[in-house]
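K.L.:
Each step along the sequence shown adds one to the number in the working numbering, with nothing skipped, and position 32 is 34.
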Amino acid sequence: MMFSSNIVGTANATTAGWGNLGGGVTNVLMPQFYNLMKAFGLDDNKAWRVAMVIPGSTLLGLAFLMFFTSDDGPDGQYQEMYRKGTKEKTNPFVAMARAAGNFRSWLLFWNYACCFGVELAMNGNLATYFQERFELDQGKAGLIAGLFGLMNLFARSLGGITSDLLAKRWGMRGRLWNFALCLIFEGLFLVVFSRIGALPGAIVTLILFSTFVQMSEGATFGIVPFVDPIATGAVSGIVGAGGNVGGVIWNQLFKIGYPNGMLALGCIVVGSGLFVTPLIHWPHYGSMLLPASAALKDDDEDEEYEEEEEDGTDGDEEETEDAGKEALPVN
3 MMFSSNIVGT ANATTAGWGN LGGGVTNVLM PQFYNLMKAF GLDDNKAWRV AMVIPGSTLL
63 GLAFLMFFTS DDGPDGQYQE MYRKGTKEKT NPFVAMARAA GNFRSWLLFW NYACCFGVEL
123 AMNGNLATYF QERFELDQGK AGLIAGLFGL MNLFARSLGG ITSDLLAKRW GMRGRLWNFA
183 LCLIFEGLFL VVFSRIGALP GAIVTLILFS TFVQMSEGAT FGIVPFVDPI ATGAVSGIVG
243 AGGNVGGVIW NQLFKIGYPN GMLALGCIVV GSGLFVTPLI HWPHYGSMLL PASAALKDDD
303 EDEEYEEEEE DGTDGDEEET EDAGKEALPV N
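Here you go:
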């Protein structure tokens, strides 16, 4: 919602990826703040309470900065657009109904369960898996498992960047192919990881697997803003919930044992990339495998649903036409 369509994949992926990385940073810094408070003479009970003031005040400061210094979106402030009549107010209940009634929301819900849901499930089980499979102590197992989350430094952004780059050449079809391939490689590397019995190979495969998990997440939110521009927030909420639902469901697979559970999960993810992603279709510009409707290509779209893909210049209509301009879709 806050970013222009030509960089939305990169921007969404980077902010979300570094947001996830923040959990790890917090785990590192908060004990240090706690120790600092104790060094100032506070007892244990007071030290942790005072330390909690630091993240709380940081959040408040960032909230004020965002409210007073940022625009509501790439076209400016909403109140100004409402006043000029260039944007209409949307009833939140109508927006939620539109998002819930859009089949693309639920296909992305499932696919996000197959990437962010996988990340949640793996985060909760990787350390134990390395302890049991490779007979490591808790410290070493936790350190290796931490490599999975460390890929958030760049991999989620990479998924958004590739989404935007392919969109410049192939429009939405480029974004969908990027998404499908990321999911397929994620699943394949998870299958390989589940079968490896040597620690060095497992570590290398874990890093590759994690990279494609994060790239799939970034690719997801390169597509979300185009599902329904009137209900982008509601669509994001539905898709994001898919990750949490997936995290709960995939944890149950590990009851059959970690190797077999990971094997089954990897096959599910590959299937999602192969068979679910091609179902994400817009009449306006088609899907992975099907072109846009020729009739709709020539029709003028409602301005509320149309946004030209820009590359930082005044635009070249012939180049944009060849690249398959990413107009925001009609339901």
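Positions of the beta carbon are idealized from the N, C-alpha and C atoms, including for glycine.
1. Rounded to the nearest angstrom, what separates alanine 65 and leucine 292 at their Cα positions?
2. On a Cα-Cα basis, can you pick out the residue from Leu281, Gly263, Ile9, Gly141 that is closest to alanine 182?
3. Counting pairs of beta carbons, one from the region 151–162 and one from the region 263–278, are three or more of them closer than 8 angstroms?
4. Kindly indicate if chain C contains any beta-carbon less than 7 angstroms away from that of glycine 141.
5. Say whether the region 219–235 touches the region 167–185, bearing in mind that this needs 3 or more beta-carbon pairs closer than 8 angstroms, one atom from each stretch.
6. Would you call glutamine 216 buried or exposed, if buried means 16 or more other Cβ atoms sit within 10 Å of its Cβ?
7. Is it buried or exposed for alanine 68, if we count other Cβ within 10 angstroms and need 16 for buried?
8. Could you pull the start and end residues of the alpha helix (DSSP H) that aspartate 166 belongs to?
9. Count the other CB atoms, across all protein chains shown, that sit within 10 Å of the CB of threonine 71; report buried if there are 16 or more and exposed otherwise.
10. How do the region 245–257 and the region 163–170 stand: do at least 3 beta-carbon pairs fall below 8 angstroms, yes or no?
11. State the Cα-Cα distance for the pair cysteine 184 and valine 194, rounded to the nearest angstrom.
12. Out of curiosity, what's the CA-to-CA distance linking asparagine 104 and glycine 87?
13. Quick one: using the 10 Å Cβ neighbour count with 16 as the cut-off for buried, is isoleucine 258 buried or exposed?
14. Using 8 angstroms for Cβ pairs, my map puts valine 338 next to alanine 101. What's the rounded Cβ distance?
15. Any idea if tyrosine 335 is buried or exposed, counting beta-carbon neighbours within 10 angstroms, 16 or more meaning buried?
16. Can you tell me whether DSSP reads glycine 288 as helix, strand or coil?
17. By Cβ distance below 7 angstroms, which residues in the same chain neighbour isoleucine 9 in space, the five residues on each side in sequence not counted?
18. Kindly indicate which three-state DSSP category glycine 259 falls into: helix, strand or coil?
19. Taking the alpha-carbon positions, what's the valine 375 to alanine 200 distance?
20. Indicate the three-state DSSP secondary structure (helix, strand or coil) for glycine 87 in the structure shown.
21. Over what stretch of residues does the alpha helix (DSSP H) that includes methionine 124 continue unbroken?
22. Counting only the same chain and skipping the five closest in sequence on each side, list residues whose C-beta sits under 7 angstroms from that of cysteine 116.
23. Between the Cα of histidine 283 and those of Met54, Gly173, Leu128, Leu145, spot the shortest distance and give me the residue it belongs to.
P.N.:
Taking the structure as given:
1. For this step, residue 65 is matched to residue 63 along the sequence shown. For this step, residue 292 is matched to residue 290 along the sequence shown. Annotation: alanine 65 to leucine 292 spans about 43 angstroms, alpha carbon to alpha carbon.
2. Here residue 182 corresponds to residue number 180 of the sequence shown, with the count starting at 1. Among Leu281, Gly263, Ile9, Gly141, the Cα nearest to that of alanine 182 is on Leu281.
3. No, the region 151–162 does not touch the region 263–278.
4. You won't find chain C in this structure, because it holds only one protein chain.
5. Yes: the two stretches touch, three or more of their Cβ pairs being nearer than 8 angstroms.
6. For the purposes of this step, residue 216 is taken as the residue at position 214 of the sequence shown. It is buried - the Cβ of glutamine 216 has at least 16 other Cβ atoms within 10 Å.
7. As a working mapping, residue 68 is identified with position 66 in the sequence shown. Here the sequence assigns methionine to residue 68, which means alanine is not the residue at that position. Exposed, because fewer than 16 other Cβ atoms sit within 10 Å of the Cβ of methionine 68.
8. One-based indexing of the sequence shown puts residue 166 at position 164. Segment 157–172, the alpha helix (DSSP H) holding aspartate 166.
9. For the purposes of this step, residue 71 is taken as the residue at position 69 of the sequence shown. Burial call: exposed.
10. Output reads no: the region 163–170 does not touch the region 245–257.
11. Counting from one through the sequence shown, the residue named residue 184 turns up at place 182. Counting from one through the sequence shown, the residue named residue 194 turns up at place 192. Taking the straight line joining both Cα atoms gives about 15 angstroms.
12. Start at 1 with the first residue of the sequence shown, and residue 104 comes out as number 102. Start at 1 with the first residue of the sequence shown, and residue 87 comes out as number 85. Distance between the alpha carbons of asparagine 104 and glycine 87: 27 angstroms.
13. For the purposes of this step, residue 258 is taken as residue 256 along the sequence shown, with counting starting at 1. Within 10 angstroms of the beta-carbon of isoleucine 258 lie fewer than 16 other beta-carbons, which makes it exposed.
14. Any property of residue 338 remains undetermined from this structure, which presents the chain solely from 3 to 333.
15. A query on residue 335 cannot be resolved here, the shown segment of the chain reaching from 3 to 333 and no further.
16. The count along the sequence shown starts at 1 and reaches residue 288 at position 286. Note: glycine 288 maps to strand in three-state DSSP.
17. In the sequence shown, the residue the question calls residue 9 occupies position 7. Excluding sequence neighbours, isoleucine 9 sits near Asp166.
18. By one-based count along the sequence shown, residue 259 stands at place 257. When secondary structure is reduced to three states using DSSP, glycine 259 falls in the coil class, being assigned neither helix nor strand.
19. The first residue shown for the chain is 3 and the last is 333, placing residue 375 beyond what the model contains.
20. Along the sequence shown, read from residue 1 onward, the residue named residue 87 stands at position 85. In this structure, glycine 87 counts as coil in the three-state DSSP scheme.
21. Within the sequence shown, the letter at position 122 stands for residue 124. Where methionine 124 is concerned, the enclosing alpha helix (DSSP H) stretches over 118–136.
22. Within the sequence shown, numbered from 1, the residue matching residue 116 stands at position 114. Leu185, Gly248, Ile270, Val271, Ser274.
23. Position 281 of the sequence shown, counted from the first residue, corresponds to residue 283. Of all alpha-carbon atoms in Met54, Gly173, Leu128, Leu145, the one lying nearest the alpha-carbon of histidine 283 is that of Gly173.
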